[in-house]
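In the working numbering, the protein residues as written are 7 to 487. The structure appears below as structure tokens.
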RNA sequence: GGCGACGUGGCCAAGUGGUUAAGGCGGAGCUCUGCAAAAGCUCUAUUCGGCGGUUCGAAUCCGCCCGUCGCCUCCA
């Protein structure tokens with residue numbers, strides 16, 4: 007597999023540091039507000055990376071943090087009159103709900119800044135001892151000039167940043183770009199004890215502490231949004247490599263392009279955000295995933311309702327391809343099978359194997375796409391081509407179940423569940439027998455060519471969210487999404 | 001000012017030196033069907049922002065220009 011690395015700015019062959027094991031650290035959220043679709047884009051993308059590596063047989067250690075203490079959390083908690091801890095708890099829960107509904111697999115560890123204090127303090131102490139950091143009136147700052155490679159990730163130099171930077175808070179700092187490892191406490195703020203007095207960790211140090219603690223001094227893949235490249239990840243490298251002395255801190259830096267919201271009337275009141283909850287109230291999670299994955303992860307994507315809607319229709323196409331082939335001939339075969347005691351399906355399978363869809367070539371093209379820096383748009387194209395061929399074979403009444411299995415498997419690597427709407431919620435199931443009754447009555451009406459009444463039943467049911475589809479083998483129905 | 005992206009059909013979006021420029025949505029026609037839906041087939045970019053250059057050959061490399069955007073401040 008080839009992956010693009012932000013640090014070296016090139017695509018390189020991916021190879022785990024240690025055998026079969028791949029360590030992944032993805033920067034998590036600061037839980038002070040609801041999870042939005044920009045987060046969703048990023049975590050869906052890393053979810054696909056993880057699923058694909060697992061599919062390739064790697065053993066994944068996936069760590070994702072929560073920054074559960076920072077300025078915004080404090081401000082927000084004060085606004086709402088609750089503790090920072092409680093605020094974080096609320097939005098962490100919201101995050102998990104959002105990710106679960108998007109079918110994003112859970113990480114192996116979710117460390118939080120506030121419970122990693124010992125490691126954080128240990129690292130800061132060491133950085134001070136090594137001359138990388140200095141205490142300054144309650145704060146501890148990282149000395150940027152001590153690191154000759156500072157700026158290597160974001161491809162800038164200290165000088166170039168100084169020219170245009172709005173760094174003004176130089177009071178406690180020896181250099182405008184020095185950044186806080188530890189912030190001395192202010193009145194009314196939660197704080198933790200440290201050798202430098204009460205305070206709290208700076209933004210970047212927690213990730214260093216957690217990544218090193220859970221994954222070691224050098225990790226395979228570190229990811230996040232492109233907005234984290236500077237300063238967050240830049241500072242993380244400086245701290246981590248300063249602390250451990252081991253380089254590189256990260257073998258492959260991966261950054262996803264950011265989600266944009268059109269300048270339109272997306273969200274008048276709430277800034278310019280669409281929360282995952284809002285998006286999922288109108289769309290399936292598969293549609294969102296399909297949308298996110300239909301452009302390359304390093305490109306920006308502009309979100310709009312109409313785009314999700316077209317993704318939803320595309321999703322429906324895949325779902326339809328997975329619907330079982332149901333024809334008169336099949337039921338006749340089933341009848342024959344039981345009547346003669348012969349396992350007809352064996353012959354069907356052999357026929358499918360020899361004359362059917364070449365699922366292997368689809369899978370090969372699919373993996374080739376993902377092998378090339380996670381080219382999900384191309385992988386999706388392969389899936390749609392497979393779906394079309396399945397439909398074509400269904401039309402010819404050839405067994406397609408193994409091709410459907412293949413489609414399901416490949417879609418699963420992209421985290422698409424492709425649930426048929428046939429699997430309706432339980433509260434609807436009690437309506438089933440009535441719907442079945444109506445359908446069978448309608449079938450009789452149709453044999454009597456009472457089209458107007460038959461169509462009326464279909465229309466009325468449609469109004470109630472039930473879709474009827476007639477075919478030569480009978481009528482199928484399902485609930486709308 | 002620095003660093004970096006991007007501009008491909010009506011919309012979204014792959015492709016980055018050489019067969020017919022993927023795929024999805026939308027649109028048109030046909031087939032199937034009582035109708036509808038679903039599905040299939042065909043069509044929907046002689047052309048890849050513009051102008052030059054390199055090359056036997058470029059959407060793909062180089063230069064310039066036009067346009068859009070991101071980061072340099074909290075952010076996935």
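In this text, a Cβ means the ideal position worked out from N, Cα and C, and glycines have one as well.
Would you list, in sequence order, the uninterrupted alpha helix (DSSP H) runs of no fewer than 4 residues that lie entirely inside the segment 382-424? 382-401 and 407-419
Do you know offhand how far residue 454's Cα is from residue 461's? The sequence position of residue 454 within the first chain is 448, counting from 1. The sequence position of residue 461 within the first chain is 455, counting from 1. Going by the C-alpha atoms only, they are around 13 Å apart.
Determine, using beta carbons only, whether residue 129 and residue 211 come nearer to each other than 9 Å. In the first chain, residue 129 corresponds to position 123, counting from 1. In the first chain, residue 211 corresponds to position 205, counting from 1. Cβ atoms of residue 129 and residue 211: closer than 9 Å.
Is the beta carbon of residue 380 less than 9 Å from the beta carbon of residue 54? On the first chain, residue 380 is found 374 positions in, with the first residue counted as 1. On the first chain, residue 54 is found 48 positions in, with the first residue counted as 1. Against a cut-off of 9 Å, the Cβ pair of residue 54 and residue 380 comes out as a contact.
Closest residue to residue 452 among 437, 476 and 301 (Cα-Cα distance): Start at 1 with the first residue of the first chain, and residue 452 comes out as number 446. With distances taken between Cα atoms, residue 452 lies closest to 476.
Write down every uninterrupted run of the alpha helix (DSSP H) in the segment 264-322 whose length is 4 residues or greater and which is fully enclosed by it, in chain order. 282-288 and 291-299
DSSP puts residue 4 in a beta bridge; with which residues? Given a span of 7 to 487 for the chain in the structure shown, any question on residue 4 remains unanswerable.
Residue 187 versus residue 147 - alpha carbon distance: Working through the first chain from its first residue, we reach residue 187 at position 181. Working through the first chain from its first residue, we reach residue 147 at position 141. Taking the straight line from one Cα to the other gives about 5 Å.
Presumed contact (8 Å Cβ cut-off) between residue 178 and residue 131, rounded CB distance: Here residue 178 refers to the residue found at position 172 of the first chain. Here residue 131 refers to the residue found at position 125 of the first chain. Not a contact, Cβ separation roughly 19 Å.
Does the segment 60-72 come close enough to the segment 300-317 that 3 or more CB-CB pairs lie under 8 Å? no
Is it true that the segment 214-226 meets the segment 253-267, where meeting means three or more beta-carbon pairs spaced less than 8 Å apart? yes
Closest by CA to residue 63, which one among 154, 72, 71 and 7? In the first chain, the residue the question calls residue 63 occupies position 57. Nearest C-alpha to residue 63: 7.
Distance, residue 448 Cα to residue 458 Cα: Here residue 458 is taken as the residue at index 452 of the first chain, counted from 1. Here residue 448 is taken as the residue at index 442 of the first chain, counted from 1. Distance between the alpha carbons of residue 458 and residue 448 is about 10 Å.
Through-space distance from residue 144 to residue 202, alpha-carbon basis: As a first step, residue 202 must be located in the first chain, where it is residue number 196. As a first step, residue 144 must be located in the first chain, where it is residue number 138. About 6 Å.
Reference residue 365, options 378, 56 and 388, closest by Cα: Residue numbering aside, residue 365 sits at position 359 when the first chain is read from its first letter. The shortest C-alpha separation from residue 365 is found at 388.
Beta-carbon within less than 6 Å of residue 185's beta-carbon, same chain only, minus the 5 sequence neighbours each way: which residues are those? Position 179 of the first chain, counted from the start, is the residue given in the question as residue 185. The residues are 148 and 241.
Nearest to residue 249 (by Cα), restricted to the options 127, 107 and 196: Here residue 249 refers to the residue found at position 243 when the first chain is read from its first residue. Measuring from the Cα of residue 249, the nearest candidate turns out to be 127.
Kindly indicate which residue of 236, 44 and 199 has the alpha-carbon position closest to the one of residue 209. Position 203 of the first chain, counted from the first residue, corresponds to residue 209. With distances taken between Cα atoms, residue 209 lies closest to 236.
Quick one: using the 10 Å Cβ neighbour count with 16 as the cut-off for buried, is residue 59 buried or exposed? Locating residue 59 in the first chain gives position 53, where the first residue counts as 1. Flag for residue 59 reads buried.
Are there 16 or more other CB atoms within 10 angstroms of the CB of residue 292, so buried, or fewer, so exposed? Start at 1 with the first residue of the first chain, and residue 292 comes out as number 286. The residue in question, residue 292, is buried, as its Cβ has 16 or more Cβ neighbours within 10 Å.
Residue 223 in three-state terms, based on DSSP: For the purposes of this step, residue 223 is taken as the residue at position 217 of the first chain. Here residue 223 sits in coil by DSSP.
Is it the case that the Cβ atoms of residue 280 and residue 331 are separated by a distance below 9 Å? Position 274 of the first chain holds residue 280. Position 325 of the first chain holds residue 331. No. Outside cutoff.
For residue 113, collect the residues of the same chain with a Cβ closer than 7 Å to its Cβ; drop the 5 residues on either side in sequence, then sort them by chain order. Indexing the first chain from 1 puts residue 113 at position 107. If we look at residue 113 and ignore the five residues flanking it on each side, its Cβ neighbours are 68, 69 and 70.
If you draw a straight line from the alpha carbon of residue 408 to that of residue 392, how long is it in whole angstroms? Position 402 of the first chain, counted from the start, is the residue given in the question as residue 408. Position 386 of the first chain, counted from the start, is the residue given in the question as residue 392. Residue 408 and residue 392: Cα-Cα distance of roughly 12 Å.
Quick check: the segment 439-448 against the segment 390-404, are there 3 or more CB pairs under 8 Å? no
Return the residue from the list 404, 373, 161 and 180 that minimises the CA-CA distance to residue 152. For the purposes of this step, residue 152 is identified with residue 146 of the first chain, where counting begins at 1. Residue 180 is the option with its Cα nearest to residue 152.
According to the Cβ coordinates, are residue 309 and residue 35 closer than 9 Å? In the first chain, counting from the first residue as 1, residue 309 sits at position 303. In the first chain, counting from the first residue as 1, residue 35 sits at position 29. Contact: no.
Taking C-beta to C-beta, are residue 218 and residue 125 nearer than 9 Å? Along the first chain, read from residue 1 onward, the residue named residue 218 stands at position 212. Along the first chain, read from residue 1 onward, the residue named residue 125 stands at position 119. Taking 9 Å as the Cβ cut-off, residue 218 and residue 125 qualify as a contacting pair.
Please classify residue 457: does DSSP put it in a helix, a strand, or coil? Counting from one through the first chain, the residue named residue 457 turns up at place 451. Helix, per DSSP.
Around the C-beta of residue 57, are 16 or more other C-beta atoms found within 10 angstroms, so that it is buried, or is it exposed? Indexing the first chain from 1 puts residue 57 at position 51. It counts as buried.
In angstroms, rounded to a whole number, what distance separates the CA positions of residue 161 and residue 182? On the first chain, position 155 is the one that residue 161 refers to. On the first chain, position 176 is the one that residue 182 refers to. About 18 Å.
What is the C-beta distance between residue 82 and residue 38, in whole angstroms, given that I count them as a contact (C-beta under 8 Å)? Here residue 82 is taken as the residue at index 76 of the first chain, counted from 1. Here residue 38 is taken as the residue at index 32 of the first chain, counted from 1. Yes, they are in contact, since the Cβ atoms of residue 82 and residue 38 sit about 5 Å apart, within 8 Å.
Give a yes or no on whether the C-beta atoms belonging to residue 74 and residue 119 are separated by under 9 Å. Translated into positions along the first chain, residue 74 becomes position 68. Translated into positions along the first chain, residue 119 becomes position 113. Closer than 9 Å, so yes.
Of all the options 403, 480 and 486, which has the alpha carbon lying nearest to the alpha carbon of residue 472? Taking the first chain and counting its residues from 1, one reaches residue 472 at position 466. Closest option to residue 472, Cα to Cα, is 486.
My output table needs one value for residue 44: the three-state DSSP class, helix, strand or coil. Along the first chain, read from residue 1 onward, the residue named residue 44 stands at position 38. Helix at residue 44.
How would you label residue 493, buried or exposed, when you count the other beta carbons within 10 angstroms and need 16 or more for buried? With the chain covering only 7 through 487, there is no way to say anything about residue 493.
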